[in-house]
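What follows is a single structure, written as structure tokens, with notes after it.
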Amino acid sequence: MARRRRGREINGIFLLDKPQDISSNDALQKVRRLFNASKAGHTGALDPLATGMLPICLGEATKFSQFLLDSDKRYRVIARLGQRTDTSDAHGEVISERPLTFTQEQLDVALDTFRGDTLQVPSMYSALKHQGRPLYEYARKGITIEREARPITVYELLFIRREENELELEIHCSKGTYIRTIIDDLGEMLGCGAHVIFLRRLQVATYPAERMVTLEQLQALRSNADETETPLEMALDPLLLPMDTAVSHFPQVNLTDVTAAYFKQGQPVRAQHELAAQTLTRVTQGDDACFIGLAVISDEGLVAPRRLVVEHTPEQAE
């Protein structure tokens, strides 16, 4: 009996322009089904209220999603001043309303406190885990869990505009930074309260915004492919970025075909490089520099496999 087809063994990174009012996981599953991919994972959830760049890793690219999760992000946010909510965004209940009495100078001083290296206490309405459960599950039951402040870095915080009770900012920050928490803390610092009414992720790592594709665009391409009987490899796969773009910031070591064969079997190998011990490196093979995995340089200078790309044959995909 033939084994049930699990989906296509495709590898790559799809830059989804996530729509509003859908969870990141729901968006992920829609993309996986449209590509008919056997495996998919996203690289850091966006709130349902938020839109924008959500890199989705397909196939073997999921092995390298952590490096995008750890990367810098850039956001555009609009805050409503004068109202604080329990979730720090427009999906929550208003818990206080206060007048706006601060000056532009006071706003500038307050904004400056968020720039650079700071500590941030994550919101109870976040996906951070406590005893295996996300904090928002406790929050919805009225339970507050003590959270430790975590180090974050705001590389750039740009004041865009303020019109009456709306404040618009652009923020370039490190991993683990909660924009909702910045806005909530800012509102308390100004004495009026604030919450997020619009949030858009503009960039993850160095991925260009113009490569983003909406669900509607992807669905239209899939529908057209089905109607014209165009293979998905031709209709959709050109939208994918190479999976090694997730680790392009690591130095490269290129192996000959013979040496690569041993490396892909999990064996440390010798290769020409000038890298220090314990350096994480992306490994490529041959004249085409095909990406085959990540390695760490051993104390002896060997290229030791850390994460390998598995090559699937057509038979394995069924």
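Numbering (the UniProt record's numbering), first residue to last: 1 to 318. Cβ atoms here follow ideal geometry from the backbone N, Cα and C, with glycine treated the same way.
- Distances from the alpha-carbon of residue 15 to those of 6, 28 and 8 put 28 closest.
- Take residue 183, set aside five residues on each side of it, and the residues of its chain with a beta-carbon closer than 7 angstroms to its own are 77, 79, 88, 194, 195 and 196, in chain order.
- Bridge pairing for residue 285: 255 and 290 [DSSP].
- Judged by DSSP secondary structure, residue 189 falls outside any beta strand (DSSP E) and instead within the alpha helix (DSSP H) spanning 179-190.
- In terms of CA proximity to residue 178, 149 leads the group 168, 192 and 149.
- Within the same chain, 74, 155 and 156 come within 6 angstroms of residue 172 by CB-CB distance, once the 5 residues on both sides are set aside.
- With fewer than 16 other Cβ atoms from the protein chains shown falling within 10 Å of its own Cβ, residue 266 counts as exposed.
- According to the DSSP secondary-structure assignment, residue 168 is paired through a beta bridge with 78 and 161.
- Exposed is the label assigned to residue 101, since fewer than 16 other Cβ atoms lie within 10 Å of its Cβ.
- Put simply, the backbone Cα of residue 129 is about 15 angstroms away from that of residue 141.
- When Cβ pairs closer than 8 angstroms are counted between the two stretches, the stretch 208-227 is seen not to touch the stretch 246-261, the count staying below three.
- For residue 305, the beta-bridge partners assigned by DSSP are 295.
- Here residue 198 carries a strand assignment [DSSP, helix/strand/coil].
- The Cβ atoms of residue 190 and residue 81 lie closer than 9 angstroms to each other.
- Using a Cβ distance threshold of 9 angstroms, residue 12 and residue 58 count as a contacting pair.
- DSSP, read as helix, strand or coil, puts residue 109 in helix.
- In the structure shown, residue 138 adopts helical secondary structure according to DSSP, grouped into three states.
- Looking at the backbone, the Cα of residue 160 and that of residue 9 are separated by about 44 angstroms.
- Only residues of its own chain outside the window of five on either side were considered, and among them 7, 8, 10, 58 and 59 have a CB closer than 7 angstroms to the CB of residue 37, listed in chain order.
- Straight across, the Cα-Cα distance linking residue 275 with residue 106 is about 49 angstroms.
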